[in-house]
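Just below is one structure, and these are the notes that go with it.
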Amino acid sequence: MAGLKLYETIDIWSEARRLLVSAKGTLGAYLVIMTLSETVVDRFPEIVPVGWAGSAITLFMSYWLTINMLYFGGLAPGGVQKGLLAFLGLTFLYAIVIGLGWVALVFPAFYFGIRFSAVLGYGMGETGDFRDAFGRSWNATKGHFWEIAGALFVPLVLSVISFSIIGSWADKSLQVPLGPTIMSNFFAAATGATLIAMGLGVYAAARTRV
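Note that the sequence shown covers residues 1 to 210 in the numbering used here.
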């Protein structure tokens, strides 16, 4: 797999936006279910099974959103190649790689996160095993670290700023029970959906340049 050529940060943003719009029905359900799930978990933190259920819902909803963006976004028109177990395996391995990077230093975690950002696209949308998915993501992002980092960093910064501003407003203005918690969880869910779309956006941009 060749690396990205004439790479522009805007390509990832436009692809991510297109993917989110293509799966807007699934995105809406994702935001609602994730917001309610995390609100329940926050409401009953002492009940361990509730936390487990919340984690299971997060993983399943992330999988559901991923396969729908791949399919409706035209990245897997013949159908997604892998199922839930493959998604869980890819997510687990990605988390291990990032975790090892954090153990070493912060930058390696950030670096690996960028280089393997397209792994879900390659792992779920195409044939091949886990090693192929990580290898193809690594090759596709070679030489384009800073462009991809910029594409992912800007939405994260905007999300943090928006989260802080709206969270402060919610604490002061929303007088309904759990109002601020619901608002915070909604923005957390929106950030999660955006990150999934950005990773698939890297994959989509890479495909157009092969």
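In this text, a Cβ means the ideal position worked out from N, Cα and C, and glycines have one as well.
Here the structure is a predicted model, which means the values were calculated and not measured.
Rounded separation between residue i and residue j - CA only
i: T35; j: F134; result: 31 Å
i: Y203; j: G79; result: 16 Å
i: F44; j: A53; result: 12 Å
i: S14; j: D132; result: 26 Å
i: A76; j: L200; result: 12 Å
i: T66; j: F130; result: 17 Å
i: T278; j: A16; result: Only positions 1 to 210 of the chain appear in this structure, which leaves residue 278 out of reach.
i: V32; j: V40; result: 12 Å
i: R115; j: Y94; result: 11 Å
i: E38; j: G83; result: 24 Å
i: L152; j: G143; result: 16 Å
Counted within 10 angstroms of its Cβ, other Cβ atoms place residue i as buried (16 or more) or exposed
i: K24; result: exposed
i: F187; result: buried
i: G128; result: exposed
i: G28; result: exposed
i: A118; result: buried
i: L90; result: buried
i: L105; result: exposed
i: I96; result: exposed
i: I10; result: exposed
Residue i and residue j closer than 8 Å at C-beta
i: L19; j: M69; result: yes
i: F87; j: M124; result: yes
i: F112; j: G121; result: no
i: P155; j: M183; result: no
Residue span of the alpha helix (DSSP H) that contains residue i, given as start and end
i: T9; result: T9 to S22
i: G123; result: V119 to G125
i: D132; result: F130 to A140
| query | Which full runs of the alpha helix (DSSP H) of 4+ residues lie inside the stretch 39-115, going along the chain? | reply | Assignment of alpha helix (DSSP H) within the stretch 39-115, counting only whole runs of 4 or more residues, yields 48-72, 84-104 and 106-115 in chain order.
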